[in-house]
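**Q**
Protein chains: 2
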Amino acid sequence: MIRENANITYSIAAVERDTGLSKDTLRVWERRYGFPTPERDENGERLYPGDQLERLRLIKRLLDQGRRPAALMKCGEAELAALLGSSETAAAGIDDPDFIARRDEVLGHLRAHRSSALRSTLGQAFMKQGLQAFVTDTVAPLNVAIGEAWMRGEIDVPGEHQYTEQLQNLLRAAIGGQASSNGRPRILLTTFPEELHALGLLMVEAMLVPEGAQCVSLGTQTPLADIRSVAVAGNYDVVALSFSAAFPARQAIDGLLELRAALPGTVAIWAGGCAVRNKQRRLPGIRVIAALPDCVSALRDWRVRNAA
Amino acid sequence: MIRENANITYSIAAVERDTGLSKDTLRVWERRYGFPTPERDENGERLYPGDQLERLRLIKRLLDQGRRPAALMKCGEAELAALLGSSETAAAGIDDPDFIARRDEVLGHLRAHRSSALRSTLGQAFMKQGLQAFVTDTVAPLNVAIGEAWMRGEIDVPGEHQYTEQLQNLLRAAIGGQASSNGRPRILLTTFPEELHALGLLMVEAMLVPEGAQCVSLGTQTPLADIRSVAVAGNYDVVALSFSAAFPARQAIDGLLELRAALPGTVAIWAGGCAVRNKQRRLPGIRVIAALPDCVSALRDWRVRNAA
DNA sequence: GAATCATTTTGTCCTGGACAAACACTTGAC
DNA sequence: GTCAAGTGTTTGTCCAGGACAAAATGATTC
Chain A
502 MIRENANITY
512 SIAAVERDTG
522 LSKDTLRVWE
532 RRYGFPTPER
542 DENGERLYPG
552 DQLERLRLIK
562 RLLDQGRRPA
572 ALMKCGEAEL
582 AALLGSSETA
592 AAGIDDPDFI
602 ARRDEVLGHL
612 RAHRSSALRS
622 TLGQAFMKQG
632 LQAFVTDTVA
642 PLNVAIGEAW
652 MRGEIDVPGE
662 HQYTEQLQNL
672 LRAAIGGQAS
682 SNGRPRILLT
692 TFPEELHALG
702 LLMVEAMLVP
712 EGAQCVSLGT
722 QTPLADIRSV
732 AVAGNYDVVA
742 LSFSAAFPAR
752 QAIDGLLELR
762 AALPGTVAIW
772 AGGCAVRNKQ
782 RRLPGIRVIA
792 ALPDCVSALR
802 DWRVRNAA
Chain X
502 MIRENANITY
512 SIAAVERDTG
522 LSKDTLRVWE
532 RRYGFPTPER
542 DENGERLYPG
552 DQLERLRLIK
562 RLLDQGRRPA
572 ALMKCGEAEL
582 AALLGSSETA
592 AAGIDDPDFI
602 ARRDEVLGHL
612 RAHRSSALRS
622 TLGQAFMKQG
632 LQAFVTDTVA
642 PLNVAIGEAW
652 MRGEIDVPGE
662 HQYTEQLQNL
672 LRAAIGGQAS
682 SNGRPRILLT
692 TFPEELHALG
702 LLMVEAMLVP
712 EGAQCVSLGT
722 QTPLADIRSV
732 AVAGNYDVVA
742 LSFSAAFPAR
752 QAIDGLLELR
762 AALPGTVAIW
772 AGGCAVRNKQ
782 RRLPGIRVIA
792 ALPDCVSALR
802 DWRVRNAA
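Chains as they are written, first to last, in the numbering used here: chain A, 502 to 809; chain X, 502 to 809.
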């Protein structure tokens, strides 16, 4: 444990920022489930102790995996930790000894904030594997491992920043080096307004650019109307959207169908991420990408179908 | 005007996301100032028309410049626009014809979403000027110009994303190419928890790395306790913080003084950005960076003082 | 298995009151 | 003239507790 829980308390705004749970949600949980149970300052305002913040973070993480609050609230510390472990080990590459060694090396660097060592470890893996294999076999499972380590308190906020920072540098440089300005298809990458994590987009881009596609990333959180106008005006062939686990599935489906209706049929739509997994049936006219390597097959399918 | 205001309305959550004004603030403004005046749906929930959203964005922007709400609410459309123009033209380089030409080129690309043209325009400016001059003479005033264009509705969300995206690629690549792993001083770059914009940090890094300093960026929003522990454990010589105009000055000063007390005297603190401008007097033991080029002089001063 | 409906769970929104922190302004000391 | 301290006003955040729609679950049918 690096994090120091001491006797520090946190305001409701601080907890909202740290956990991603809205103030309204925090208050209503207290009313309904009897947790959390913050102290109050002399003015009646909530003060959350560090251990409750910790527990809220854990709960949020499990919610994002599809668990439901009422059940989680009753669990003890140990049960929560067990639940977390149970569902996340399914990621690929977990049993590859090369990956394990590299993972432990990275985690060690992050714990000690050795940023230049981190950079060279990541750089070496990249050199050895090439961009695409690096993304699928190293970065993707590493993200999971780091998420877990963060929940266990082994890694702190700066450590996590360090990781995304270095990885962004590496991926952007690699993508920039290979970018073509006239390849086909032209692909527009983005996410819907509620999405946050930029890293996922960067990973997809890293998979597609080496195949000769021309990717343009709009960054995260693009409103639907803007996606439409850019896709049409920019003469794109494909619009690719990414959805994290935290994104409500229903909203993703509705948004995708709406976008499908708004775009001309000549523009393909690809959707990837946990929120749309196994939803192909409900998404006619949209190509669902089940996992990172599949975006390469989607690209090849597109080329076969559009061979002129 | 590219944005289409049609008859679309926005929920309070959408407005919060788009403007950065909290739901509480939006409701209390309505109560106090009589603006905004959203319609209601059949269930009594607020629906903000597009033009009010537009106006709220403008107001937020002016708030970030230090104006106060009560005054702004009374203004007409034209007055608000005038206020915005009045305070931002002070940026350097505005009268340089080379800059003006480049600025108009960039704005044209952004309006039309020509991303590869944008990349090459930025890349050319970078090649011609070198990293440091590029940052001070092109990027800094360009940011201001783009902010203004965005307020005037000339540029949309994707356009702005496009710009930050391409600029990040360029700067990260340039920094990565020059990074040294054993230069002095070792500098830790970050911002306090409330800060958002990553571009500012990247710009500072771009100024310092060519001087042979060893920069490590923690990204944005690092808690104070974490800054302290990383700085000490990582054996840093300097901790550099960046504050945007939106950051409350009082909080910046208190935070800096607290950090100064928490760090050993051997670690220097540099602070830059609008929020701390002209506050050198109240910040003993902290080096205030008035403008981008000053971080180079701060670096030279440090070297003179620590010549062993 | 997959679609439809009823039921429960869950998050967001509402009102209107309260209050502290930030700000503008005045006063007095150097 | 500049700074520190004190006063009044503005402004954002927090609170309670009720309401309701959207999402998830389970039952039923095809």
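Here a beta-carbon is modelled for each residue, glycine too, at the ideal position from N, C-alpha and C. What you are looking at is a predicted structure, and each value in this text was computed from that prediction instead of being measured.
Chain A beta carbons: is any one of them nearer than 8 Å to that of ASP542(X)?
**A** Translated into the one-based positions of the second sequence, residue 542(X) becomes position 41. No, because no Cβ of chain A sits closer than 8 Å to the Cβ of ASP542(X).
**Q** How would you call GLY701(A), buried or exposed, if buried means at least 16 neighbouring beta carbons within 10 angstroms?
**A** To locate residue 701(A), count along the first sequence from 1; it is residue 200. It counts as buried.
**Q** Locate the alpha helix (DSSP H) running through GLN715(A), then write down its first and last residues.
**A** In the first sequence, residue 715(A) corresponds to position 214, counting from 1. Looking at the DSSP string, GLN715(A) is not in any alpha helix (DSSP H); the run it does join, the beta strand (DSSP E), is 715 to 718.
**Q** Are the CB atoms of SER681(X) and GLN715(X) nearer to each other than 8 Å?
**A** Here residue 681(X) refers to the residue found at position 180 when the second sequence is read from its first residue. Here residue 715(X) refers to the residue found at position 214 when the second sequence is read from its first residue. Result yes, Cβ atoms of SER681(X) and GLN715(X) sit closer than 8 Å.
**Q** Does DSSP put GLU540(A) in a helix, in a strand, or in coil?
**A** To locate residue 540(A), count along the first sequence from 1; it is residue 39. Per DSSP, reduced to three states, the secondary structure at GLU540(A) is strand.
**Q** Could you give the C-beta distance for ILE787(A) and ARG761(A), rounded to a whole number, given that I count them as a contact under 8 Å?
**A** Position 286 of the first sequence, counted from the first residue, corresponds to residue 787(A). Position 260 of the first sequence, counted from the first residue, corresponds to residue 761(A). ILE787(A) to ARG761(A), Cβ: 6 Å. Contact.
**Q** Kindly indicate which residue of ALA791(A), LEU764(A), PRO765(A), LYS780(A) has the alpha-carbon position closest to the one of GLY773(A).
**A** Taking the first sequence and counting its residues from 1, the one referred to as residue 773(A) is at position 272. Cα-wise, what sits closest to GLY773(A) is ALA791(A).
**Q** Who are the near neighbours of SER523(A) in its chain, counting only those whose CB is closer than 8 Å to its CB and skipping five residues on each side?
**A** Counted from its first residue, the first sequence places residue 523(A) at position 22. Excluding five sequence positions before and after SER523(A), the CB atoms of its chain that fall closer than 8 Å to its own CB belong to GLU517, given in chain order.
**Q** Show which residues of chain X have a CB atom less than 7 Å away from the CB atom of PRO686(A).
**A** Against the first sequence, residue 686(A) aligns to sequence position 185. In chain order: nothing, as chain X lies at least about 15 Å away.
**Q** Note down the Cα distance separating THR723(X) from HIS610(X), rounded to an integer number of angstroms.
**A** Within the second sequence, the letter at position 222 stands for residue 723(X). Within the second sequence, the letter at position 109 stands for residue 610(X). Roughly 35 Å separates the two Cα atoms.
**Q** Inspect the beta-carbon positions of GLY684(A) and HIS614(X) and report whether they are closer than 8 Å.
**A** Within the first sequence, residue 684(A) is the residue found at index 183, counting from 1. Within the second sequence, residue 614(X) is the residue found at index 113, counting from 1. Not closer than 8 Å, so no.
**Q** Output the boundary residues of the beta strand (DSSP E) element that contains GLY773(X).
**A** The residue you call residue 773(X) lines up with position 272 of the second sequence. 769 to 773 is the span of the beta strand (DSSP E), which, as asked, contains GLY773(X).
**Q** Short of 9 Å Cβ to Cβ, which residues in the region 700 to 730 of chain X face chain A?
**A** GLN715, VAL717, SER718, LEU719, GLY720, THR721, GLN722, THR723, PRO724, ALA726, ASP727, ILE728, SER730
**Q** Could you work out which residues of chain A lie near PRO785(X), taking near to mean beta carbons separated by less than 9 Å?
**A** To locate residue 785(X), count along the second sequence from 1; it is residue 284. Residues of chain A passing the Cβ test: none, with the nearest at roughly 26 Å.
**Q** Are the region 627 to 638 of chain A and the region 634 to 646 of chain X in contact at 8 Å, needing three or more beta carbon pairs?
**A** No: fewer than three Cβ pairs fall under 8 Å.
**Q** Taking only beta-carbon atoms, is GLN630(X) less than 8 Å away from chain A?
**A** Here residue 630(X) is taken as the residue at index 129 of the second sequence, counted from 1. Cβ-Cβ to chain A under 8 Å: no for GLN630(X).
**Q** Given a threshold of 16 other Cβ atoms within 10 Å of its Cβ, counted over all protein chains shown, does ARG782(X) qualify as buried or as exposed?
**A** Looking up residue 782(X) in the second sequence gives position 281. Classification for ARG782(X): exposed.
**Q** Along the region 635 to 662 of chain A, what residues have a CB closer than 7 Å to any CB found in chain X?
**A** Flagged, chain order: ASP657, VAL658, PRO659, HIS662.
**Q** Report the option in ILE647(X), GLY654(X), GLY677(X), ASP605(X) whose CA atom is closest to the CA atom of ARG558(X).
**A** As a working note, residue 558(X) is residue 57 in the second sequence. The shortest C-alpha to C-alpha distance from ARG558(X) to any of ILE647(X), GLY654(X), GLY677(X), ASP605(X) is the one to GLY654(X).
**Q** How about VAL777(X) and ALA753(X): are their beta carbons less than 8 Å apart?
**A** Along the second sequence, one-based indexing puts residue 777(X) at 276. Along the second sequence, one-based indexing puts residue 753(X) at 252. Yes, Cβ-Cβ distance for VAL777(X) and ALA753(X) is below 8 Å.
**Q** For VAL731(A) and LEU690(A), which I take to be in contact (beta-carbon distance under 8 Å), what is that distance rounded to the nearest angstrom?
**A** Here residue 731(A) corresponds to residue number 230 of the first sequence, with the count starting at 1. Here residue 690(A) corresponds to residue number 189 of the first sequence, with the count starting at 1. With 8 Å as the limit, VAL731(A) and LEU690(A) do not qualify as a contact, their Cβ atoms being about 11 Å apart.
**Q** Closest by CA to ALA741(A), which one among LEU554(A), VAL768(A), GLN663(A), ALA763(A)?
**A** Your numbering for residue 741(A) matches position 240 in the first sequence. With distances taken between Cα atoms, ALA741(A) lies closest to VAL768(A).
**Q** Compute the beta-carbon to beta-carbon distance between LEU668(X) and GLY624(X), rounded to the nearest angstrom, for a pair I have assumed lies under 8 Å.
**A** Counting from one through the second sequence, the residue named residue 668(X) turns up at place 167. Counting from one through the second sequence, the residue named residue 624(X) turns up at place 123. Rounded, the Cβ-Cβ distance is 11 Å, inconsistent with contact.
**Q** Taking 7 Å as the limit between beta carbons, can you name the residues of its chain near GLY713(A), skipping five residues before and five after?
**A** Sequence index remark: in the first sequence, residue 713(A) carries index 212 (1-based). Within the same chain, GLY713(A) has close Cβ partners SER681, GLY684.
**Q** Using a Cβ cut-off of 8 Å (strictly closer), state whether ASN807(A) contacts chain X.
**A** Taking the first residue of the first sequence as 1, we reach residue 807(A) at position 306. False, the Cβ-Cβ gap to chain X never drops below 8 Å.
**Q** Quick one: is GLN669(A) near chain X, going by C-beta distance under 8 Å?
**A** As a first step, residue 669(A) must be located in the first sequence, where it is residue number 168. True, the Cβ-Cβ gap to chain X drops below 8 Å.
**Q** When the distance is taken between beta carbons, is THR721(X) closer than 8 Å to THR692(X)?
**A** Here residue 692(X) corresponds to residue number 191 of the second sequence, with the count starting at 1. Here residue 721(X) corresponds to residue number 220 of the second sequence, with the count starting at 1. In this structure, THR721(X) lies closer than 8 Å to THR692(X) by Cβ.
**Q** For MET628(X), is the classification buried or exposed, using 16 other Cβ atoms within 10 angstroms of its Cβ as the cut-off for buried?
**A** To locate residue 628(X), count along the second sequence from 1; it is residue 127. With fewer than 16 Cβ atoms within 10 Å of its Cβ, MET628(X) is classed as exposed.
**Q** Scan the region 608 to 623 of chain X for residues whose Cβ lies nearer than 7 Å to a Cβ of chain A and list them as they occur along the chain.
**A** HIS614, SER616, SER617
**Q** Is the distance from the Cβ of MET652(A) to the Cβ of ARG562(A) below 8 Å?
**A** On the first sequence, residue 652(A) is found 151 positions in, with the first residue counted as 1. On the first sequence, residue 562(A) is found 61 positions in, with the first residue counted as 1. Cβ atoms of MET652(A) and ARG562(A): closer than 8 Å.
**Q** Any beta-carbon of chain A closer than 8 Å to the one on THR520(X)?
**A** Taking the second sequence and counting its residues from 1, the one referred to as residue 520(X) is at position 19. No - not a single Cβ of chain A is within 8 Å of the one on THR520(X).
**Q** Taking buried to mean at least 16 other C-beta atoms within 10 Å of its own C-beta, is GLN679(X) buried or exposed?
**A** Residue numbering aside, residue 679(X) sits at position 178 when the second sequence is read from its first letter. By the neighbour-count rule (16 or more Cβ atoms within 10 Å), GLN679(X) is not buried but exposed.
**Q** If the cut is a Cβ gap below 7 Å, which residues of chain A does GLY756(X) touch?
**A** Your numbering for residue 756(X) matches position 255 in the second sequence. Per Cβ cutoff of 7 Å: no residues; GLY756(X) is ~14 Å from chain A at best.
**Q** Select from ALA602(A), MET704(A), ARG620(A), ARG806(A) the residue whose C-alpha is nearest the C-alpha of ASP738(A).
**A** Working through the first sequence from its first residue, we reach residue 738(A) at position 237. Here the closest residue by C-alpha is ARG806(A).
**Q** Grouping DSSP H, G and I as helix and E and B as strand, with all else coil, what is ILE787(X)?
**A** On the second sequence, residue 787(X) is found 286 positions in, with the first residue counted as 1. Coil, per DSSP.
**Q** Flag this pair as yes or no: are the beta carbons of ARG454(X) and ARG673(A) separated by less than 8 Å?
**A** With chain X covering only 502 through 809, there is no way to say anything about residue 454(X).
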